[in-house]
Structure formats: structure tokens, C-alpha cells
Amino acid sequence: MADLVGWVAALAVTAGELPGTAVERLELQLDGAVGDKHFGPTMKANRAQAPYPKGTQVRNVRQLSIVSAEELAEVAQRLALPVIEPTWIGANLMLAGVPELTQLPGGSRVYFEGGAGLVIEGENMPCVIAGGSLAAQTPGREELRTLFPKHALGKRGLVAWVEKAGVIQRGEQVTVRLAHDVRR
-2 MADLVGWVAA
8 LAVTAGELPG
18 TAVERLELQL
28 DGAVGDKHFG
38 PTMKANRAQA
48 PYPKGTQVRN
58 VRQLSIVSAE
68 ELAEVAQRLA
78 LPVIEPTWIG
88 ANLMLAGVPE
98 LTQLPGGSRV
108 YFEGGAGLVI
118 EGENMPCVIA
128 GGSLAAQTPG
138 REELRTLFPK
148 HALGKRGLVA
158 WVEKAGVIQR
168 GEQVTVRLAH
178 DVRR
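With the numbering used here, the residue at position 103 of the sequence shown is 100, and numbering never jumps.
Next up, the structure:
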């Protein structure tokens, strides 16, 4: 299959609680995005790392969160919202031109025009934390806390880790190579 080509529509870091902060460039080191709360070689295990007890230190395969502009627009429509900003749900990157991003298989690579590279770990499961942030950004819509996880399933994007350090700039081209095509 041919590579998928899109572009970086938005970048953000989240230093603490949601929402994150939009930035024009994202500095990547091998431990993740500089300034982001998910930066580091390890993380505390959560439900995705079963059977390890919650809080156990494990390899950080969730250094970055990537969403698709097309998928976020679809989720916003499902929730009767004009827009969902990627910063509201903790995404570090929003790509455009890759409409079924969440369906990419783990092991796929994301190559940036400036030289940085990511490895897709898998789907970023929607949660009530992101839903709560969305509700906080939308006064009078407290139900979004629990509706977001249901309506964003399969459209919430991916988590990834840094394969090659570098700087990502908003607007730069991105190439996605599917896992089964990585060796070519």
C-alpha cells in the first residue's frame, strides 16, 4: 500500500492539567515532547498495561497523542459541538489529510518533513478525563464528560513514541508508512 501523506495542522504540550497549550513547534527528544507531562522513558501502568498493578513503572509508549482533524470534526458533529480543539483533550499533534488515523495499526511509522519520526503504539482510548476537559470548555454541557468516551471510540487518535528526535513545525508535511510496509 502507498504511504499516506498529510500535514501537521496543530501542535500542543500539556504541562499539567488539561487543556494543553497550542504551540507552533514541538521539540522531540527520545523521551517525548519537551515540556509535556508524558515526557520520560517510563510511565505508571494504567488499565492499558494489564496485568501489571496500577502505578507500576513500565516503558513509556504513550509519549505523544496524535489526532486527526477529520476524526475530531466527526466526533464534534456527533456531540453537536462546533469544534473540538486538540488541546482540550490533551493531543500533542493534530494531523490533517489522514482521515482514518485511529485505524492505523501499531508499528506504523510517522515521518515528518523536518526529520523527526514516531512509532505508533496503538489507539488512544477515549476517557472521562478528556471528556471532563471538553465539558469544562463547553459551559452547560456537563454530559460531555461521559458522552465523549462513547462517541469518540475508534476516532480518538493514537499514542506513539519517538523513534527519531527532532523538531516538528505546524504546517509541515507528514508521511505515514503502515506497519507492514515499514521495511521498504
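We put the beta carbon where it would ideally sit given N, CA and C, even for glycine. It should be emphasised that the depicted structure is a prediction, and the values quoted were computed from it without experimental measurement.
{"query": "Beta carbon of A6 nearer than 8 Å to that of N89", "result": "no"}
{"query": "Residue from H148, G154 and V107 with nearest C-alpha to R173", "result": "According to the sequence displayed, residue 173 carries Val and not Arg. Per the Cα distances, V107."}
{"query": "Supposed contact pair I165 and A203 - C-beta distance, whole angstroms, cut 8 Å", "result": "A query on residue 203 cannot be resolved here, the shown segment of the chain reaching from -2 to 181 and no further."}
{"query": "Rounded separation between V55 and P48 - CA only", "result": "12 Å"}
{"query": "Through-space distance from E118 to G52, alpha-carbon basis", "result": "20 Å"}
{"query": "Candidates P50, T18, Q60 and T11: closest to L27 by CA position", "result": "Q60"}
{"query": "Spatial distance of L115 from A133 (CA atoms)", "result": "31 Å"}
{"query": "Alpha carbon of A127 to alpha carbon of V171, nearest angstrom", "result": "26 Å"}
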